[in-house]
Amino acid sequence: MIACWPVKKTSRALIWTISLLLLAMLITGCDLDGYPDDLRYPSRMDPLAIEKPKEDASDYDRPGEFPNVLFAGLPEKQRRDILRDPSELTPTGELIFTDEQRATLDQELAQMFGTPANPTAELGNSELVRLLKLDAETLKHGSALYRQQCLHCHGLSGDGRGATAPWVNPHPRDYRQGIFKFTSSGQDEGSRKPRKYDLLRTLREGVEGTSMPSFRLLPDEDLEALASYVIHLSMRGEIEFQVIKAILTGTMEGKLERSIKEDYVPLVIGNWQNAQNSMIKPPTYPAEDMKAEEEREKYLKASIERGFGMFNRAQPEGGKKSAGCLGCHTDFGRRSAYKYDAWGTVVKPADLTIGMYRGGRRPVDLYWRVHSGINGVTMPASSSNLSPDEVWDIVNFLRVLPYPKMREKYGIKLEQPR
Amino acid sequence: MQKFWSILFGGTMLGALLLFVVSPFVGWWLPRNVATFGGDIDWLYYLILIITGFFFILTEAILAIALWRFAGRPGHKAVYQHGNHKLELVWTVVPGVILLVLAIVQIRVWADVKFQKNMPSRDGATQQIEVLAKQWEWRIRYPSSARMADWEKNPEAALDFGQNPHEDDLYMPNELHIWKGQSDNVNRVLVHLKTQDVIHSFFLPHLRLKQDALPGKMIPVWFAVTDHNTEPDPNSQEPRWLESETWELACAEFCGTRHSLMRGKLFVHKDKADFLKWLNYAEAEQNRHQAPLAAR
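If you're matching them up, the sequences are chains A and B in order. The numbers in the first sequence follow the working numbering, run straight up by one, and end at 418. The numbers in the second sequence follow the working numbering, run straight up by one, and end at 714.
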């Protein structure tokens, strides 16, 4: 019947093509189930940021430039030293990280972590699997959800290089370094991992002031599965990162297979395991037990004054401490200088006068930020310098800083921004 | 075979019409209206639907008939027609008049919903909330219970809510909580609508309310509801929707890759007491000085 259409041959071909395409779209539909079975996690090809430079960054990156501008602005030699390319050559022109080593690493990772469609955590540690819910069923559910909700920013392997990544600033987190900014665990910086609760908090609340939205409307079991899958991606990515870093910097010892199994896997999963039960429990908030309004007000007034003082002193004076905030949060953060972070991107210390808190606005969140700093950026821990009550003083001060009426009430002067 | 196009077009249009006629009976129609001004908006919607529907069927029928009647025939030469001045005048003036009539008829409803002078006052008698749209969530700021109590004593103090966040205001992503009020004293809600990045559109289908959020502007939006959909949950501190009353907040302006997932829930509490119970719970969560034991 179609052969006798009153149209030319070329148009007929066009009509056929369009109808077949439409038919194909109808038949295949929109696939929400998960990744195809034969898809594998890609082998890491992009450069590794192995160190966080101390210098300030000169400028932020423009939309669309990420990820080709990591550590832009640093002198070329320094940049080459801290941003290592996996395809670097030796002076004699051979690969440092050889194809053979890459194949071994990929195979080991695939054995432990499976594929995107069927993720696993075969780490020989059933306690960890139970603790973090890394069983195959949860991970499969998490992977399907991740594909719908997270993939377009955070990427297939959790590399933070999804399709939208160059266009949003701050850029999506790259999980493969094993660093997460907002944590409540009491480990040392460097080995510090988030508790699963920290990831769930970020999922539920989003990250205010960034492109990370809240996923509050997803049911709890979905959020749990997403957090499990993010941990899975992070473990896989960090083992890969640590091994390639060791090979490039010449610190890899012994046979690669043995080293992966006996050095790097225990290191990474050990840190995750330790984090889970190491929550920093803030000591009782001093005003918690104060029943009388008057007493509470008196405490707050004195506490805020102490916090303001510690914040605003560049150096300790006459026995009074400095919390050292001004080094980065210049003019309460209104004139902060750009800094590099551990991922090679440019960030800015928070403007503390606008009342926007990326790691959460609860007092306990602020306590954790001041107490142990923010991972991967220049915000240091203050726990060696400040006592818990002094941390509360800073928190109390920060909580009134953005509000003109509160500043007036507690005598905080904020000059016009210069 | 020369009649193919008339059959194709006529058939497609007939199919579309049939689909349209059956849709109310299979649940593909407007959701239940719960806004005080929703009835007026629905009335306008149906008026426009009837007028445009009538002319749609009329013009499509003429098109299909013309395609059938004047299909090309072998050996027949087409006739050149310059046009018909009278006919053109008719199909320009008639829609023009209809448009003018519609424009006049809708003024009252438009003024009621969108004119700032008809909106609830910004003093303490109104429930005020700030909605900040961003890619891709709704971040909603509520006055704290202490601030609301202060407004009851001093209504003037509420005037600056939109510009002046307080340290104890509650921030809650994707959950819009209001209360119903009584029939003689409806709770008129005033939303201060802002956006952090691109254009979004604040859309409450059950309230027949849609308003674009524009970067750099604070746009007031008001509504009042005639029914509630939320009850306290005996098993949880968080309230829950009544059975099958899933009232949604959605973004109605394409705003990026995750636009279709930019959603929220509208919780309408039975009365102010229920609302305050939720507010107190959410405030306590936001004011935690200690980490909760459970993983949430």
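Where is the CB? At the ideal position from N, CA and C, for every residue including glycine. Bear in mind that the values here come from a model prediction, so they are computed numbers and not experimental data.
Neighbour flag for residue i against chain B, beta carbons, 8 Å
i: A/Glu76; result: no
i: A/Thr17; result: no
i: A/Ser387; result: no
i: A/Glu297; result: no
i: A/Ala3; result: Below a pLDDT of 50, predicted positions are generally treated as unreliable, and A/Ala3, at 48, falls in that range; no measurement from the model is reported.
i: A/Thr183; result: no
i: A/Glu305; result: no
i: A/Val370; result: no
i: A/Glu288; result: yes
i: A/Tyr403; result: yes
i: A/Asp129; result: This sequence places Val at residue 129 of chain A; Asp is not what is there. Chain B, which has no Cβ nearer than 8 Å to the Cβ of A/Val129, makes this no.
i: A/Arg161; result: no
i: A/Lys281; result: yes
i: A/Tyr285; result: yes
i: A/Arg361; result: yes
Interface partners of residue i on chain B, CB under 9 Å
i: A/Thr249; result: Ordered by position in chain B, no residue passes the 9 Å Cβ test against A/Thr249, which lies about 37 Å from the chain.
i: A/Thr202; result: Those do not exist, as A/Thr202 stays about 12 Å from chain B at its closest Cβ, beyond 9 Å.
i: A/Met406; result: His584, Glu585
Chain A residues whose Cβ lies nearer than 8 Å to that of residue i
i: B/Phe683; result: The displayed chain sequence assigns Lys, not Phe, to residue 683 of chain B. What B/Lys683 touches in chain A: Leu217.
i: B/Glu555; result: Gly206, Pro213, Ser214
Partners in chain B for residue i, counting only beta-carbon separations shorter than 8 Å
i: A/Glu205; result: Pro591
i: A/His152; result: Thr675, Arg676
i: A/Gly373; result: Those within 8 Å of A/Gly373 in chain B number zero; the least Cβ separation is about 17 Å.
i: A/Pro425; result: Here chain A covers residues 1 to 418 and nothing more, so residue 425 of chain A does not appear.
i: A/Arg420; result: There is no way to answer for residue 420 of chain A, as the model of chain A reaches only from 1 to 418.
Bridge partners - residue i, DSSP secondary structure assignment
i: B/Ala668; result: B/Phe621, B/Arg681
i: A/Asp56; result: A/Lys339
i: B/His503; result: Answer by DSSP bridge pairing: none, since B/His503 is not bridged.
i: B/Arg658; result: B/Glu649
i: B/Gln600; result: B/Asn603
i: B/Val686; result: B/Ile596
i: B/Tyr589; result: B/Arg559
Any chain A beta carbon closer than 8 Å to residue i
i: B/Arg706; result: yes
i: B/Glu585; result: yes
i: B/Ala700; result: no
i: B/Arg714; result: At B/Arg714, the pLDDT of 40 sits below 50, so the modelled position is not reliable; the number obtained from the coordinates is stated separately. Yes, because at least one Cβ of chain A sits closer than 8 Å to the Cβ of B/Arg714.
i: B/Ala709; result: yes
i: B/Gly429; result: no
N- and C-terminal bounds of the beta strand (DSSP E) containing residue i
i: B/Thr613; result: 607 to 613
i: B/Glu548; result: 545 to 552
i: B/Tyr560; result: 555 to 560
i: B/Ile637; result: 637 to 641
i: B/Leu627; result: 627 to 631
Beta-carbon neighbours of residue i, restricted to chain A and to distances below 7 Å
i: B/Glu649; result: The premise fails here: B/Glu649 is roughly 19 Å from chain A at the closest Cβ pair, so nothing lies under 7 Å.
beta-carbon residue i near the ligand COA non-hydrogen atom, thresh 7 Å
i: A/Leu23; result: Judged by which ligands are present, the structure shown has none, so any question about the ligand COA falls away.
Boundaries (first-last residue) of the alpha helix (DSSP H) holding residue i
i: B/Val595; result: Correcting the residue type first, residue 595 of chain B is His in the shown sequence and not Val. No alpha helix (DSSP H) contains B/His595, which is instead part of the beta strand (DSSP E) from 593 to 597.
i: A/Pro82; result: Note on identity: in this sequence residue 82 of chain A is Ile, with Pro being the wrong assignment. Per DSSP, A/Ile82 belongs to the alpha helix (DSSP H) from 76 to 82.
i: A/Trp272; result: 265 to 276
i: A/Leu223; result: 220 to 248
i: B/Asn536; result: B/Asn536 -> no alpha helix (DSSP H), and no H or E assigned at all.
i: A/Glu297; result: 293 to 312
Within chain B, partners of residue i - CB distance below 7 Å
i: A/Thr164; result: Thr675
i: A/Arg335; result: Ordered by position in chain B, no residue passes the 7 Å Cβ test against A/Arg335, which lies about 22 Å from the chain.
i: A/Val364; result: Arg706, His707, Gln708, Ala709
i: A/Gly355; result: Pro583
i: A/Arg44; result: Residues of chain B passing the Cβ test: none, with the nearest at roughly 25 Å.
Just checking, does the segment 116 to 131 of chain A make contact with the segment 272 to 290 of chain A on the three C-beta pairs under 8 Å criterion?
yes
Check whether the segment 334 to 349 of chain A touches the segment 69 to 83 of chain A, counting contact only when three or more Cβ pairs, one atom from each stretch, lie closer than 8 Å.
yes
Quick check: the segment 558 to 570 of chain B against the segment 538 to 548 of chain B, are at least 3 beta-carbon pairs closer than 8 Å?
yes
If contact is defined by three or more beta carbon pairs under 8 Å, each pair taking one atom from either stretch, is the segment 360 to 378 of chain A in contact with the segment 431 to 446 of chain B?
no
Does the segment 235 to 247 of chain A touch the segment 175 to 194 of chain A, meaning 3 or more C-beta pairs lie closer than 8 Å?
yes
When you compare the segment 529 to 540 of chain B with the segment 192 to 207 of chain A, are there three or more beta-carbon pairs, one atom per stretch, that lie closer than 8 Å?
no
If contact is defined by three or more beta carbon pairs under 8 Å, each pair taking one atom from either stretch, is the segment 147 to 165 of chain A in contact with the segment 670 to 685 of chain B?
yes
Under 8 Å, with one C-beta from each stretch per pair, do the segment 40 to 48 of chain A and the segment 324 to 340 of chain A reach the 3-pair mark?
no
How do the segment 305 to 322 of chain A and the segment 386 to 398 of chain A stand: do at least 3 beta-carbon pairs fall below 8 Å, yes or no?
yes
Whether or not the segment 91 to 106 of chain A and the segment 242 to 259 of chain A are in contact is what I'm after, with contact meaning three or more pairs of Cβ atoms, one per stretch, closer than 8 Å; do they touch?
yes
Counting pairs of beta carbons, one from the segment 655 to 670 of chain B and one from the segment 616 to 624 of chain B, are three or more of them closer than 8 Å?
yes
Do the segment 584 to 601 of chain B and the segment 641 to 661 of chain B touch if we need at least three Cβ pairs shorter than 8 Å?
yes
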